[in-house]
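> 1 is the number of the first residue of the sequence shown in the numbering used here; add one for each residue after it. The C-beta atom is built at its ideal place from N, Cα and C for all residues, glycine as well.
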Amino acid sequence: MMIGISRNHPLAQKQVLDGQELATETIGFYNFDGATPAPNGMIPNAQRDGYAIEKTKRFDRLEELLLNVSLNNCITFVPEGFSYPSNPNIVYRKIKNTSHRYQICVVVNELNTNPAMLNFEKQLQQTSNQGGNA
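(1) Note down, in chain order, each residue of its chain lying with its Cβ closer than 6 Å to the Cβ of L66, except the 5 sequence neighbours on either side.
(2) Between A134 and V16, what straight-line distance do the alpha-carbon atoms span, to the nearest angstrom?
(3) Run the CB neighbour count on F59, radius 10 Å, all protein chains shown included, and call it buried at 16 or more, exposed below.
(4) Can you check which of these residues, V69, N45 and T56, is closest to N8 by C-alpha distance?
(5) Does the region 88–96 come into contact with the region 17–29, if we say contact requires no fewer than three beta-carbon pairs (one atom in each stretch) closer than 8 Å?
(6) Compute the Euclidean distance between the alpha carbons of A12 and K55, then round it to the nearest angstrom.
(7) According to the Cβ coordinates, are I27 and V78 closer than 8 Å?
(8) Using C-beta distances below 7 Å, list every residue in its chain close to I43, excluding the 5 sequence neighbours before and after it, in chain order.
(9) Need the endpoints of the beta strand (DSSP E) that I3 sits in, please.
(10) My output table needs one value for K122: the three-state DSSP class, helix, strand or coil.
(11) Quick check on this structure: which residue in E64, I5, R61 and E80 has the alpha carbon closest to the alpha carbon of Q123?
(12) Hey, V106 and I5 are a contact pair by Cβ (cut 8 Å); roughly how many whole angstroms apart?
(13) What is the residue span of the beta strand (DSSP E) that I139 lies within?
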């Protein structure tokens, strides 16, 4: 797991962050249904890593989350190997000694030739080949 953070954020100057440095940050996350106060496992994982997440902010759309990260209004957890090239103001930093993990299962219709889907599949395969937790 990594942190997506605005390149203007003071922590962006570091390549690796200690989880405790995240305790006072607002952690943004995407959840379209509004029923989740924080992603399942995020709070307990942070506690296992030795810090408590004090502030979270839910966004209804992924684009809204990424915009707020790029504007330095929050930071977000991102699966290792993922990035959002359309948001060049976001940089990605590793977290020391983290227990945060993502598991993703993807089922793809082989007849779907949508370029965005093909790009997503390619990125997912590259992440898996690099030993990421995809």
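Looking at the coordinates:
(1) To locate residue 66, count along the sequence shown from 1; it is residue 66. The answer, listed in chain order, is Y84 and N87.
(2) Position 134 of the sequence shown, counted from the first residue, corresponds to residue 134. Position 16 of the sequence shown, counted from the first residue, corresponds to residue 16. Here A134 scores only 40 on pLDDT, less than 50, and its place in the model is too uncertain to base an answer on.
(3) Along the sequence shown, one-based indexing puts residue 59 at 59. Answer is buried; the Cβ neighbour count reaches 16.
(4) Translated into the one-based positions of the sequence shown, residue 8 becomes position 8. With distances taken between Cα atoms, N8 lies closest to V69.
(5) yes
(6) By one-based count along the sequence shown, residue 12 stands at place 12. By one-based count along the sequence shown, residue 55 stands at place 55. About 19 Å.
(7) As a working note, residue 27 is residue 27 in the sequence shown. As a working note, residue 78 is residue 78 in the sequence shown. It is not a contact, given that the beta carbons lie outside the stated cut-off.
(8) As a position in the sequence shown, residue 43 is number 43, starting the count at 1. Closer than 7 Å at the Cβ level, and outside the excluded window around I43, lie I53.
(9) Within the sequence shown, the letter at position 3 stands for residue 3. Counting along the chain, the beta strand (DSSP E) containing I3 begins and ends at M2 to S6.
(10) On the sequence shown, position 122 is the one that residue 122 refers to. Of the three classes helix, strand and coil, the one that applies to K122 here is helix, per DSSP.
(11) If you number the sequence shown from 1, residue 123 lands on position 123. Residue E80 is the option with its Cα nearest to Q123.
(12) Working through the sequence shown from its first residue, we reach residue 106 at position 106. Working through the sequence shown from its first residue, we reach residue 5 at position 5. Their Cβ separation, rounded to whole angstroms, is 26 Å, which puts V106 and I5 out of contact at 8 Å.
(13) In the structure as shown, the chain begins at 1 and stops at 134. Residue 139 is therefore absent and cannot be evaluated.
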